[in-house]
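Colleague:
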DNA sequence: TATATTTGTACCTTAAAGGGTATAAATATG
DNA sequence: CATATTTATACCCTTTAAGGTACAAATATA
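Residue numbers (our numbering), protein chains in the order written: chain A, 24 to 91; chain B, 24 to 91.
(1) Does DSSP classify residue 27 of chain A as helix, strand or coil?
(2) Residues of the region 44-74 of chain A with a CB closer than 7 Å to any CB of chain B: list them in chain order, please.
(3) Kindly indicate the opening and closing residues of the beta strand (DSSP E) around residue 83 of chain B.
(4) Can you find a CB in chain A that lies within less than 7 Å of the CB of residue 27 of chain B?
(5) Short check: CB of residue 64 of chain A to CB of residue 53 of chain B, under 7 Å?
(6) Are the beta-carbon atoms of residue 82 of chain B and residue 84 of chain A separated by less than 7 Å?
(7) In the DSSP assignment, the alpha helix (DSSP H) including residue 42 of chain A goes from what residue to what residue?
(8) Check the Cβ of residue 32 of chain A against every Cβ in chain B and list those closer than 7 Å, keeping chain order.
(9) Quick check: is the beta carbon of residue 35 of chain A nearer than 7 Å to any beta carbon in chain B?
(10) From B/34, B/55, B/29, pick the residue whose C-alpha is nearest to that of residue 45 of chain B; which is it?
(11) Any beta carbon from chain B within less than 7 Å of residue 90 of chain A's own beta carbon?
(12) Pull the bridge partners of residue 53 of chain A from the DSSP assignment, please.
(13) Provide the residue(s) that pair with residue 34 of chain A in DSSP beta bridges, ordered along the chain.
Here is the structure:
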């Protein structure tokens, strides 16, 4: 599970739209969209802002370890 | 263990200087420095470029989970 | 299937990340 | 303690992430 899919999935679980998630996370709508579409060159702090809503965050893992 | 410390530690283990790590990872020297100093607003893909040298990568974890 | 909602794409602007280089500070080594 | 090596800071420049808005495409709903 990659970050993009994780976020999309968690958002769905909470029945939030992209604008709602952006609002709550305090990031721009476009950021959420690009993030969910797998953009790699995103800022770490912004990603963590979003993940914080789900009780998770970015961390270092071994390659091929299951995330979360 | 946060990302900054993890990278600094791994680099030391391999007896690399910051310029050497930057060279190998294909990122700028300044990026390595800011990264090791805990800068949050770094690009995810660049971080992964560095972590790849250590056989690790960025992933989503639960808050307060031990990383790596 | 028609309509409403949600998501994705495109354009523009602004702020700042990333890079190079030079130099100062800190650390290691003899 | 003196010197060499490594790391941190400061400067400038270029690139681009992020945000806003508008519109198109896709998906859900009636």
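Don't be surprised by glycine CBs; every beta carbon is placed ideally from N, CA and C. Nothing here was measured: the structure is a model prediction, and the numbers come from that model.
Modeller: Walking through what the data contain:
(1) helix
(2) 63, 64, 65, 66, 67, 68, 70, 74
(3) 79-85
(4) no
(5) no
(6) yes
(7) 41-48
(8) Going along chain B, no residue has its Cβ under 7 Å from residue 32 of chain A, so there is no contact; the nearest lies around 11 Å.
(9) no
(10) B/55
(11) yes
(12) Answer is none; residue 53 of chain A lacks a bridge partner.
(13) Beta-bridge pairing links residue 34 of chain A to no other residue.
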